[in-house]
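Asker: Here's a structure for you.
Numbering (the UniProt record's numbering), first residue to last: 1 to 320.
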């Protein structure tokens, strides 16, 4: 399982004078999942995911950006708007100023990177260079802004620390919390005794995971239909892998198991089936977890054991 990059990005928009849009808007995303939102009309910051709210409540000082009122953000970026004025025409009118800042973290290498770009009326204007702690113009009109912002060495140092230390720290904590604290379940579902058996995992985060069926410890490619990772209503994710059981004899069924593994961990969750599908209690609809004889429920923190062919016990699931 590949260790993938994660990203945390903040998007800020200021549009003074527009009647159909809030004057100030800020929202954040992690790996494409919407985390928070606020605007100058709503005032209060809205945390869009239940698990994000829980984490920020447990550690408010570390996640101060996620506990502020929107007015604090607006004041924070108001002074910077003056530096963006050279990007607009001297004739006045309504304009939209945008900030995009955030960070990336590579789990495999441990490397972090940060970025900050300002735009004006939809056109990139100026961007921050982390290595030199100076600004790079993206349009000739940005030269005045670059000269002014390059002089603010203290402010540029603070920005670099935010992009390379604070932001990656949040990103790592969000990712670790999603792995360790969410209630992840893996179970087996079946619509009728003759239909495919679906191995279903839900409640995990982030949306990087793999699932497969095995026979005698070897991964199966044939007779397996893998579904896409789908979002749940609470910001977590779910996935499934269906096994066609038409060619599986009752005496062979004990040789099969389903494996679920979350990105960034070496731990595996194995769901074992102690009876053949013909003995499963049939469910009326897909999504109903069939009886206790059908499945061993795998929950974060639970350890499941099985015996191998030599009668020795093997640990099949490590705590996620």
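Quick reminder that beta carbons are idealized off the backbone N, C-alpha and C, glycines included.
Relative to the alpha-carbon of residue 44, which residue among 66, 60, 261 has its alpha-carbon at the smallest distance?
Answerer: Along the chain shown, one-based indexing puts residue 44 at 44. When only C-alpha atoms are compared, the closest one is 66.
Asker: Rounding to the nearest angstrom, what Cα-Cα distance links residue 239 and residue 157 in this structure?
Answerer: On the chain shown, position 239 is the one that residue 239 refers to. On the chain shown, position 157 is the one that residue 157 refers to. Their backbone Cα atoms lie some 43 Å apart in a straight line.
Asker: With hydrogens ignored, establish whether the beta-carbon of residue 23 is closer than 7 Å to any heavy atom of the ligand MN.
Answerer: Annotation note on the ligand MN: not contained in the displayed structure, which lists no ligands.
Asker: By the three-class DSSP mapping on this structure, what secondary structure does residue 19 have?
Answerer: Position 19 of the chain shown, counting from 1, holds the residue named residue 19. Looking at residue 19 - three-state DSSP - the assignment turns out to be coil, as it is neither helix nor strand.
Asker: Is residue 214 closer than 8 Å to residue 256 when the C-beta atoms are compared?
Answerer: Mapped onto the chain shown, residue 256 falls at position 256. Mapped onto the chain shown, residue 214 falls at position 214. The answer is yes: Cβ separation under 8 Å.
Asker: Using beta-carbon positions only, say whether residue 70 and residue 40 come within less than 8 Å of one another.
Answerer: The residue labelled residue 70 in the question sits at position 70 within the chain shown. The residue labelled residue 40 in the question sits at position 40 within the chain shown. The answer is yes: Cβ separation under 8 Å.
Asker: Is it right to say residue 161 is buried, meaning 16 or more other beta carbons lie within 10 angstroms of its own, or is it exposed?
Answerer: Here residue 161 corresponds to residue number 161 of the chain shown, with the count starting at 1. Answer is exposed; the Cβ neighbour count stays below 16.
Asker: With 16 other CB atoms within 10 Å as the buried threshold, where does residue 83 fall?
Answerer: Indexing the chain shown from 1 puts residue 83 at position 83. It is buried - the Cβ of residue 83 has at least 16 other Cβ atoms within 10 Å.
Asker: On the three-state DSSP scale, how would you describe residue 129?
Answerer: Along the chain shown, read from residue 1 onward, the residue named residue 129 stands at position 129. Correct three-state label for residue 129: strand.
Asker: Can the beta-carbon of residue 263 be found less than 8 Å from the beta-carbon of residue 196?
Answerer: Taking the chain shown and counting its residues from 1, one reaches residue 263 at position 263. Taking the chain shown and counting its residues from 1, one reaches residue 196 at position 196. In this structure, residue 196 does not lie closer than 8 Å to residue 263 by Cβ.
Asker: Start and end of the beta strand (DSSP E) containing residue 87?
Answerer: If you number the chain shown from 1, residue 87 lands on position 87. Unbroken run through residue 87: none, as it is neither H nor E.
Asker: If you count every other CB in all the chains shown that lies within 10 Å of the CB of residue 76, and 16 or more means buried, which is it?
Answerer: Here residue 76 is taken as the residue at index 76 of the chain shown, counted from 1. Flag for residue 76 reads exposed.
Asker: Can you name, in chain order, every residue of its own chain whose Cβ lies under 7 Å from the Cβ of residue 17, other than the five neighbours on each side?
Answerer: Taking the chain shown and counting its residues from 1, one reaches residue 17 at position 17. 94, listed in sequence order.
Asker: Name, in chain order, the residues that DSSP records as bridge partners for residue 100.
Answerer: As a working note, residue 100 is residue 100 in the chain shown. In the DSSP output, where bridge partners are listed per residue, residue 100 has 11, 117.
Asker: Rounded to the nearest angstrom, what separates residue 6 and residue 63 at their Cα positions?
Answerer: One-based indexing of the chain shown puts residue 6 at position 6. One-based indexing of the chain shown puts residue 63 at position 63. Taking the straight line from one Cα to the other gives about 18 Å.
Asker: I'd like the list of long-range same chain contacts for residue 79, defined as Cβ closer than 8 Å, with 5 residues on each side in sequence excluded.
Answerer: Locating residue 79 in the chain shown gives position 79, where the first residue counts as 1. Here the set comprises nothing.
Asker: Within the chosen definition, does the segment 184-198 reach the segment 233-252 through at least 3 CB pairs nearer than 8 Å?
Answerer: Touching, per the Cβ criterion.
Asker: Just grab the DSSP bridge partners of residue 262 for me.
Answerer: By 1-based counting over the chain shown, the position of residue 262 is 262. According to DSSP, residue 262 bridges with 209.
Asker: Which two residues bound the contiguous alpha helix (DSSP H) that contains residue 107?
Answerer: Position 107 of the chain shown holds residue 107. Residue 107 -> no alpha helix (DSSP H), and no H or E assigned at all.
Asker: Strictly by DSSP, which residues pair up with residue 33?
Answerer: Indexing the chain shown from 1 puts residue 33 at position 33. 30.
Asker: Hey, could you find the ends of the beta strand (DSSP E) residue 202 is sitting in?
Answerer: Position 202 of the chain shown, counting from 1, holds the residue named residue 202. Where residue 202 is concerned, the enclosing beta strand (DSSP E) stretches over 197-204.
Asker: Just grab the DSSP bridge partners of residue 256 for me.
Answerer: Numbered from 1 along the chain shown, position 256 holds the residue referred to as residue 256. BP columns for residue 256 point to 215.
Asker: For residue 155, does the three-state DSSP call read helix, strand or coil?
Answerer: Locating residue 155 in the chain shown gives position 155, counting from the first residue. If DSSP states are grouped into helix, strand and coil, residue 155 belongs with the helices.
Asker: Considering Cα atoms alone, identify which of 35, 172, 258 is closest to residue 221.
Answerer: Position 221 of the chain shown holds residue 221. Ranking the options by Cα distance to residue 221, first place goes to 258.
Asker: Kindly indicate which residue of 111, 126, 46 has the alpha-carbon position closest to the one of residue 117.
Answerer: Translated into positions along the chain shown, residue 117 becomes position 117. It is 126 whose Cα lies nearest to the Cα of residue 117.
Asker: With a cut-off of 8 Å, do at least 3 Cβ pairs link the segment 31-38 to the segment 148-157?
Answerer: The segment 31-38 vs the segment 148-157: no contact.
Asker: Kindly identify the DSSP beta-bridge partner or partners of residue 165.
Answerer: Counted from its first residue, the chain shown places residue 165 at position 165. DSSP output for residue 165 lists no bridge partner at all.
Asker: Please return the same chain residues whose Cβ sits closer than 6 Å to the Cβ of residue 22, not counting the five positions on each side in sequence.
Answerer: Within the chain shown, residue 22 is the residue found at index 22, counting from 1. Counting only Cβ-Cβ distances below 6 Å, and skipping sequence neighbours, we find 39, 40, 41.
Asker: Alpha carbons only, please: which of 236, 165, 60, 261 is nearest the one belonging to residue 211?
Answerer: To locate residue 211, count along the chain shown from 1; it is residue 211. Per the Cα distances, 261.
Asker: Using only CA atoms, which one of 159, 123, 112, 121 lies nearest to residue 135?
Answerer: Taking the first residue of the chain shown as position 1, residue 135 is located at position 135. It is 159.
Asker: Got a sec? Which residues, its chain only, sit under 8 Å from residue 56 by beta carbon, not counting five neighbours each side?
Answerer: Residue 56 sits at position 56 when you count from the first residue of the chain shown. Taken in chain order, the residues that qualify are 47, 63, 66, 67.
Asker: Can you name, in chain order, every residue of its own chain whose Cβ lies under 8 Å from the Cβ of residue 120, other than the five neighbours on each side?
Answerer: Locating residue 120 in the chain shown gives position 120, counting from the first residue. Cβ neighbours of residue 120 beyond the five flanking positions: 84, 87, 88, 95, 96, 97, 98.
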